[in-house]
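Okay, structure first, notes after.
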Amino acid sequence: MLRFLTAGESHGKALTTIVEGIPSNLPIDREYINFHLKRRQAGYGRGSRMKIEKDEVEINSGIRHGKTLGYPIALNIKNRDWVNWKTLMSESVPGENQEKVVIPRPAHADLAGTIKYNFSDIRNSIERSSARETASRVAAGSIARRLLEEFGISVGSYVESIGNVFPHNNFSEKLFSNELAEDFTGWSISEVADLSSVRVLEQVQEEEVIERIRHSKKRGDTLGGTFIIIATGLPPGLGSFSHYDNRLDAALSHAVMSINAVKGVEIGRGFKYAGAFGSEMHDELIVEDKSIRRKTNNSGGIEGGISSSEPIVIRAAMKPIATLMSPLKSVDLSRMEAIESRRERSDFTAVPACSVIAESMVAWVVANEFSKKFGGDSLEEMKDNFHSWISKIESRLINNFKDH
Ligand code: EPS
30 MLRFLTAGES
40 HGKALTTIVE
50 GIPSNLPIDR
60 EYINFHLKRR
70 QAGYGRGSRM
80 KIEKDEVEIN
90 SGIRHGKTLG
100 YPIALNIKNR
110 DWVNWKTLMS
120 ESVPGENQEK
130 VVIPRPAHAD
140 LAGTIKYNFS
150 DIRNSIERSS
160 ARETASRVAA
170 GSIARRLLEE
180 FGISVGSYVE
190 SIGNVFPHNN
200 FSEKLFSNEL
210 AEDFTGWSIS
220 EVADLSSVRV
230 LEQVQEEEVI
240 ERIRHSKKRG
250 DTLGGTFIII
260 ATGLPPGLGS
270 FSHYDNRLDA
280 ALSHAVMSIN
290 AVKGVEIGRG
300 FKYAGAFGSE
310 MHDELIVEDK
320 SIRRKTNNSG
330 GIEGGISSSE
340 PIVIRAAMKP
350 IATLMSPLKS
360 VDLSRMEAIE
370 SRRERSDFTA
380 VPACSVIAES
390 MVAWVVANEF
400 SKKFGGDSLE
410 EMKDNFHSWI
420 SKIESRLINN
430 FKDH
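Sequential numbering of the sequence shown, starting at 30, is according to our numbering.
Structure representation (structure tokens):
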């Protein structure tokens, strides 16, 4: 079993991450983690904070001479902005006139968190609910991703829409109809998406999306969108229907839904599946050279909570960023009076970043399920377990059914 914990406030000193359960002898270096951290920071539509931060990981334990030790891995990512917040974020008792936030932003965690934790300063709520925490998730997820690469499993993503601007060529159709090129991998789609400043796959769409974001900025508004995550190369048999909390689709949905501002997750065709005839959507089984494939992939690579070995396809929806420059109605908690919400530095849209974070969370969940099935203390042991199981799948099936 893998697990990770994160700690850190958005404008505090640093983000701390502890990753546990990664086998020993996995080659990994700082540059690999930093590469993915940089991907998360990119994207047209982010606010000025991203000009201050340059996320780089410090490895404090668990990796030696370029390889994991099999022990807890402790990671640190500094908040460069902290120097500007030292007093406001100090752990010591503040002076008399410490500034407090008293007006919650609608749709943000401001009010809910303040009530829940009984705070007298909304700042306390803002700091931990901030998406800054997702840098930690990408750091942890990139270690999981490195592990999966050793087994030919690849995770990628792209932005499907921002502010309702969709592509003209619907690439997602190809994912569901299983019309992908032989050498297609999850990562190959990320390589294309990373070339775009908003992580879309088409140049025309990129121009339209940027125009939409510009328009939204002018209105003092924000935008959300949808994105798709794809994992390829999975063996069959990850996850289980034995219990509700063993299901792979449930674990993936939980992980993606847990990302700040995500409001919807679909596996495969998701909601569209619900409106169709079964005969139109169910993935028929076909035999090719004595091995079984699905004709289509409408179930998104998961049947009965178990990976089928077809690509895992997940679509997620992110709501528009809660902080608006044209404020909405709110309440001044110090007087219980109606007031306009506060303007605060923020992003205008963060859908491209969200897609990279979701990739990391999906890599994490898949690596966890993989470890549950093929786990070992070292990478070598895990490889032995994996290869021994995978090489016998077909012969076992034939053997089990030969007398019928
Ligand atoms: C965020 C508000 C902005 C974002 C931040 C998330 O930060 P600030 O309030 O400092 O301008 O830039 O995202 C990050 C710092 C990050 O690394 O993604 C929020 O309120 O959630």
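Think of the CB as a built atom: it goes at the ideal place given N, C-alpha and C, for glycine as much as any other residue.
Beta carbon proximity, residue i to chain C, threshold 8 Å
i, result
"PRO123", "Absent from the structure is chain C; it holds one protein chain and no more."
Paired residues, beta bridge with residue i - DSSP
i, result
"ILE343", "ILE258 and ILE296"
"LYS301", "DSSP lists no partner for LYS301."
"LEU104", "THR46 and ILE88"
"VAL316", "ILE321"
"ARG93", "LYS96"
"ALA367", "VAL360"
"SER53", "SER407"
"SER183", "THR261"
"VAL291", "MET347"
"SER336", "ILE331"
"VAL188", "PHE256"
"VAL194", "ILE191"
Residues near residue i by beta carbon distance below 6 Å, same chain, minus five either side
i, result
"SER165", "THR35, LEU44 and THR46"
"GLY215", "SER183, VAL184, GLY185, ILE259, ALA260 and THR261"
"SER171", "ILE62 and HIS65"
"GLU178", "none"
"ASN207", "THR325 and ASN326"
"GLU339", "ARG323, ASN326 and GLY330"
"SER90", "ALA103"
"ILE192", "The amino acid occupying residue 192 in the given sequence is Gly; Ile does not appear at that position. So the qualifying residues of the chain are ARG241 and LEU252."
"SER282", "VAL294"
"ALA382", "ARG69 and GLY72"
Bounding residues of the beta strand (DSSP E) (the contiguous stretch that carries residue i)
i, result
"THR46", "43-49"
"THR352", "Segment: none, THR352 is in no beta strand (DSSP E) and carries neither H nor E."
"ALA379", "Unbroken run through ALA379: none, as it is neither H nor E."
"THR35", "32-36"
Opening and closing residue of the alpha helix (DSSP H) in which residue i lies
i, result
"SER245", "232-247"
"GLY307", "307-310"
"VAL7", "Absent from the structure is residue 7, since the part of the chain shown begins at 30 and ends at 433."
"THR116", "Element bounds for THR116: n/a, residue is neither H nor E."
"TYR273", "Unbroken run through TYR273: none, as it is neither H nor E."
"HIS40", "It is not in any alpha helix (DSSP H) - HIS40 carries neither H nor E in the DSSP assignment."
"ARG68", "59-70"
"ILE155", "152-158"
"ASN428", "422-430"
"TYR146", "139-146"
"GLY215", "215-222"
"LYS203", "200-206"
"ARG495", "Since the first residue shown for the chain is 30 and the last is 433, residue 495 is missing from the structure and cannot be characterised."
Best match in the options for proximity to residue i [C-alpha to C-alpha]
i, options, result
"LEU408", "ALA173, ALA168 and SER119", "ALA173"
"SER308", "ASP318, GLY293 and LYS324", "LYS324"
"ASN153", "GLY170, GLU120, LYS96 and SER53", "GLU120"
"GLY76", "LYS42, GLY124 and ALA160", "ALA160"
"VAL360", "ALA392, ARG134, LYS83 and GLY254", "ARG134"
"ARG109", "SER217, VAL380, ASN147 and ILE81", "ILE81"
"MET365", "LEU140, THR163, GLU398 and ALA103", "LEU140"
"ILE335", "GLU398, ASN199, GLU125 and LYS107", "GLU398"
"ASP318", "THR163, GLU423, ILE218 and GLU410", "GLU423"
"GLU49", "GLY74, ARG276, THR97 and PHE180", "THR97"
"PHE256", "VAL227, ILE155, LEU362 and ILE106", "VAL227"
"MET411", "ALA138, VAL385 and GLY99", "GLY99"
"VAL395", "ALA279, LEU362 and LYS145", "ALA279"
"SER158", "ALA138, ASP150 and ILE151", "ALA138"
"LEU362", "LEU117, ILE151 and MET79", "ILE151"
"PHE180", "TRP418, ILE218 and SER269", "TRP418"
"GLU332", "LYS42, ILE368, ARG276 and ILE315", "ARG276"
"ASN113", "THR143, ARG78, GLY142 and VAL86", "ARG78"
Neighbourhood of residue i by C-beta distance below 8 Å, restricted to the same chain and skipping five residues each side
i, result
"GLY95", "PRO56, ILE57 and ASP58"
"ASP413", "GLY405"
"VAL285", "ILE258, VAL291, VAL294, ILE343, ALA345, ALA387, MET390 and VAL391"
"ARG251", "According to the sequence as given, residue 251 is Thr; it is not Arg. Correct list, in chain order: SER245, PRO349, ILE350, ALA351, THR352, LEU353, SER375, ASP376, PHE377 and THR378."
"SER370", "ILE132, PRO133, ARG134, PRO135, LEU353, PRO356, LEU357, LYS358 and SER359"
"SER471", "Limits of the chain in this structure are 30 at one end and 433 at the other, which puts residue 471 out of reach."
"GLU162", "THR35, GLY37, SER39, LEU44 and ASN289"
"PRO265", "ILE335, SER336, SER337, SER338 and ILE422"
Neighbourhood of residue i by C-beta, 7 Å cutoff - its chain only, sequence neighbours within 5 removed
i, result
"ASP312", "ARG323, LYS324, THR325, ASN326, ASN327 and SER328"
"TYR302", "MET310 and ASN327"
"LYS401", "MET30"
"ARG175", "LEU55, ILE57 and TYR61"
"ARG93", "none"
"VAL194", "GLN234, GLU237, VAL238 and ARG241"
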